[in-house]
Amino acid sequence: MEPDDARTALLEVERRGREVRAGSRWPITLLTVWGVVTVVVEPAFALLSERPWSLVFPMAVMLGFVAWVGVFAARQRVVARGFARRYLTVVAVWAVLHTGYIALITGMGVRDPAIVVAAGLVVALPLFAGAYAEGRRL
Numbered sequence: 118m119e120p121d122d123a124r125t126a127l128l129e130v131e132r133r134g135r136e137v138r139a140g141s142r143w144p145i146t147l148l149t150v151w152g153v154v155t156v157v158v159e160p161a162f163a164l165l166s167e168r169p170w171s172l173v174f175p176m177a178v179m180l181g182f183v184a185w186v187g188v189f190a191a192r193q194r195v196v197a198r199g200f201a202r203r204y205l206t207v208v209a210v211w212a213v214l215h216t217g218y219i220a221l222i223t224g225m226g227v228r229d230p231a232i233v234v235a236a237g238l239v240v241a242l243p244l245f246a247g248a249y250a251e252g253r254r255l
C-alpha cells in the first residue's frame with residue numbers, strides 16, 4: 118500500500134468515526150424526551166381520569182410522541198453496539214412501572230397530586246437512567 122493510500126484510508130476511518138460518534142447521540146435524546154413526556158402525561162392521566170373525555174389530551178400527547186419516535190428512529194443511521202439490549206431492558210422496566218402506576222391510580226383510586234407526580238417521576242426514572250448510561254458510553 119502506498120503512503121498516500123494509507124493516509125487516505127486513515128483519514129476516511131477517522132471521518133467515519135466522528136460521524137458515528139455524532140450520530141450515536143440520538144438514543145440519549147429519545148430516552149430523555151420519552152422521560153419528560155412520561156413525567157407530564159402520567160400525572161395528567163391520573164388527575165384528569167375522573168371523566169372519560171378528559172383522557173383525550175394525555176392520550177393524544179402519547180400517540181403524538183409515539184409517532185414522533187417512529188419517524189425519529191427511522192431516520193437514524195447509527196446505533197451503538199449493544200443498544201438494543203440496553204434499550205429493551207429500559208423499556209421493560211418502564212413498562213412494569215407504568216403498569217403499576219396505572220394500577221395505582223385506577224385500581225386504588227389515588228388522586229393526590231403529590232403522589233401522582235412523585236409516581237410519574239418514578240415511572241420516568243429508568244428512561245432518564247438509560248439516557249445517562251448511553252451518554253456515559255460515548
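Going by the numbering used here, 145 is the number at position 28 of the sequence shown; the sequence numbering is gapless.
Every residue, glycine too, gets a C-beta built ideally from N, C-alpha and C.
None of the values given here were measured: they were computed from a predicted structure.
- Of the candidates Trp143, Ala177 and Val150, Val150 places its Cα closest to the Cα of Leu242.
- Under the 10 Å beta carbon count, Tyr249 is surrounded by fewer than 16 other beta carbons and is classified as exposed.
- Following the DSSP letters along the chain, one finds Asp229 in no alpha helix (DSSP H), marked with neither H nor E.
- In the structure shown, Arg194 adopts coil according to DSSP, grouped into three states.
- Taking a C-beta distance under 9 Å as the contact criterion, Ala197 and Leu128 do not qualify as a contact pair.
- The criterion of a C-beta distance shorter than 9 Å is not satisfied by Val195 and Val130.
- When rounded, the separation of the alpha-carbon atoms in Thr223 and Ala209 is 21 Å.
- Here Gly252 is actually not in contact with Val156; their C-beta atoms are around 19 Å apart, not less than 8 Å.
- Under the three-state reduction of DSSP output, Glu119 falls in the coil class, being neither helix nor strand.
- Around the C-beta of Ala126, fewer than 16 other C-beta atoms lie within 10 Å, and the residue is accordingly described as exposed.
- The alpha-carbon separation between Leu165 and Leu221 amounts to approximately 15 Å.
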